[in-house]
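Chains as they are written, first to last, in our numbering: chain A, 26 to 154; chain B, 147 to 319; chain C, 39 to 105.
The structure under discussion appears below in the form of structure tokens.
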């Protein structure tokens, strides 16, 4: 069972991080970062399957592919930003963490602006002016 | 399987190296003490005894534990080699150079022992006695510092050898 | 998964051993060597982590973004 693998791995990593924390805090941070990356990598495989299914759905429902790809990119940005912000926050650098989150939000808006403008134009075309 | 054998070999080698360095620090004060005693015994033999130098050296060699005894035994053997026609001073210097790798002593001690060479068997009794006592006194002060060093470094080298070997093994896993 | 578990234990072991060597060297009085050893251990582990991070970002690029 995959969840057992993940949780077991995470517990082992946590114990090791606690042991290292008082001796070499630098290594403890690197260790927790490494563990997080490994778990994320393990999950990426599963996420990829889900995304393939969603792509097939979108394909069949004749939605413009651009929308689907944009939404996918936004989800990716959200995942990465959250991962980075949490790791940095664990290391104690709250300021850098909030900057990462801010960057995530800005980049998502940048990606979403074309879609929003398309929606607004469509609505304006529908409304009698 | 081969990996385990290699890893244990590296661990063994590293630990052995650490122990080797540690044993050098452990043996040094002892050898300094033996050397000091031997030189004082030599002084007594020269001042009060009537036997020639080679026999005196053999007697000292049998009364002092190894490896310091090797020095005197070697010098005595060289002096007895009548075929080579060496002086006592040369025998002493050659013996020092020959036996030195077996001893855990430093270059400063080597220098002070070599300084004895010109006086051996050549100058009169009191002069030799004075030189020997001077050398023994120098060795005694050296012994104090050697004990200090031993305290500090012996355990350290043991752990250092084992730990570095473990580190190499882990990195190469 | 298995090689990742090995890597985690590798990093932890390197960390602990480097800490011990640091303490031993500091007690011997050679504190500069101690700092060097700790720094080198940190850099080695950093390389391992950065390799994994690169792997992660490549996967993410492939799956999410196709950039």
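C-beta: ideal position from N, C-alpha, C; glycine also.
- Excluding the 5 residues flanking it on each side, residue 264(B) has same chain C-beta neighbours closer than 7 Å at 235, in chain order.
- The beta carbon of residue 188(B) sits closer than 7 Å to those of 202, 206 and 278, all from its chain and outside the five residues before and after it, given in chain order.
- When C-beta distances to chain C are compared with 7 Å, every residue of the segment 156-170 of chain B stays at or above that value.
- Annotation: residue 249(B) is outside any alpha helix (DSSP H) and is labelled neither H nor E by DSSP.
- Taking the Cα positions, residue 47(A) is about 15 Å away from residue 80(C).
- Taking every protein chain shown into account, the CB of residue 175(B) has 16 or more other CB atoms within 10 angstroms, so this residue is buried.
- In the structure shown, the three-state DSSP call for residue 92(C) is helix.
- Note that the C-beta distance between residue 299(B) and residue 171(B) is below 7 Å.
- If you draw a straight line from the Cα of residue 151(A) to the Cα of residue 143(A), it comes to about 12 Å.
- Within the segment 55-70 of chain A, those residues whose Cβ lies closer than 8 Å to any Cβ of chain C are, in chain order, 55, 56, 58, 59, 60, 62, 63, 65, 66, 67 and 69.
- Here DSSP, grouped into helix, strand and coil, assigns residue 47(A) to helix.
- Burial state of residue 243(B) is exposed, judged by a 10 Å Cβ sphere holding fewer than 16 other Cβ atoms.
- At least 7 Å separates the beta-carbon of residue 312(B) from that of residue 54(C).
- Residue 30(A) and residue 94(A) have their alpha carbons spaced roughly 31 Å apart.
- The Cβ of residue 312(B) sits closer than 7 Å to at least one Cβ of chain C.
- In this structure residue 109(A) does not touch residue 133(A) by the C-beta definition: roughly 14 Å separates them, more than the 8 Å allowed.
- Using a CB distance cut-off of 7 Å, residue 64(C) does not count as an interface residue toward chain A.
- Proximity of chain B to residue 55(C) at the Cβ level (cut-off 8 Å) is accounted for by 309, 312, 313 and 316, in chain order.
- Pairing residue 82(A) with residue 50(C), the inter-Cα distance amounts to about 45 Å.
- Scanning 154(B), 147(B) and 226(B) for the CA closest to the CA of residue 308(B) turns up 154(B).
- The Cβ-Cβ distance between residue 289(B) and residue 173(B) does not fall below 7 Å.
- Of the residues 58(A), 113(A) and 135(A), the one whose Cα lies closest to the Cα of residue 89(C) is 58(A).
- Rounded to whole angstroms, the gap between the alpha carbons of residue 99(A) and residue 145(A) is 20 Å.
- Not a single CB atom of chain C sits nearer than 7 Å to the CB of residue 222(B).
- With respect to residue 38(A), residue 53(A) sits apart: the two C-beta atoms are not nearer than 7 Å.
- Annotation: Cβ neighbours of residue 298(B) in chain C (cutoff 9 Å, chain order): 65, 66 and 67.
- Residue range 199-209 is occupied by the alpha helix (DSSP H) that includes residue 200(B).
- Contact of residue 49(C) with chain B is not assigned, every C-beta pair being separated by 7 Å or more.
- Listed in chain order, the non-local C-beta contacts of residue 218(B) below 6 Å within the same chain comprise 203, 206 and 207, local neighbours out to five positions each way being set aside.
- Shown here for residue 266(B): same chain residues with a beta carbon closer than 6 Å to its own, the five before and five after excluded, namely 234, 235 and 238 in chain order.
- Interface with chain C (7 Å Cβ-Cβ cutoff): residue 154(B) is excluded.
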